[in-house]
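Visitor: Numbering (the numbering used here), first residue to last: 138 to 297.
Note that beta-carbon positions come from the ideal geometry of N, C-alpha and C, so glycine has one too.
Small disclaimer: the values here were computed from a predicted structure and weren't measured.
Have a look at the structure that comes next, please.
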């Protein structure tokens, strides 16, 4: 049973960065719209957890499941890396302002807003391509103990 759970860590983990990045962006946008400012400290923990969950999701991605049997894996993988980097940049951006004891000014607030929007768009694209691989192409899906779309020859052996 433990091995079965470990083999499903990526499908479990991917939902956290998607949800957390979107929630963090909405949290920031709420303060931008209502107060016309965002404190770098406000919501920092949310972005840190979003970054860590994105990093874990990327690290647990079963690349061998998709080898040779999907045309969107490269998009999914690259966008996942970009999303994780963007989440890190958001955290670093905030940390820089906290360290210098400054609030976001107009120009930095606009740059920050664009950064969070880019991070959110990229994580949604990651989810789209991941869903396309699973639901349209059957990557990593088993039926009666057999993979619906097994990797091409020379890839990782799934039967063990």
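1. Taking the alpha-carbon positions, what's the residue 146 to residue 217 distance?
2. With a 10 Å radius around its C-beta and 16 neighbouring C-beta atoms as the bar for buried, classify residue 180 as buried or exposed.
3. Going by DSSP, what residue range makes up the alpha helix (DSSP H) through residue 254?
4. What do you reckon, are the CB atoms on residue 213 and residue 267 nearer than 8 Å?
5. Since I believe residue 208 is in contact with residue 276 (beta carbons under 8 Å), could you give me their beta-carbon distance rounded to a whole number of angstroms?
6. Between residue 150 and residue 190, is the Cβ-Cβ spacing less than 8 Å?
7. For residue 274, which three-state DSSP category applies?
Guide: In terms of the structure at hand:
1. 16 Å
2. buried
3. 243 to 268
4. yes
5. The pair is not a contact, with the Cβ atoms about 11 Å apart (cut-off 8 Å).
6. yes
7. coil
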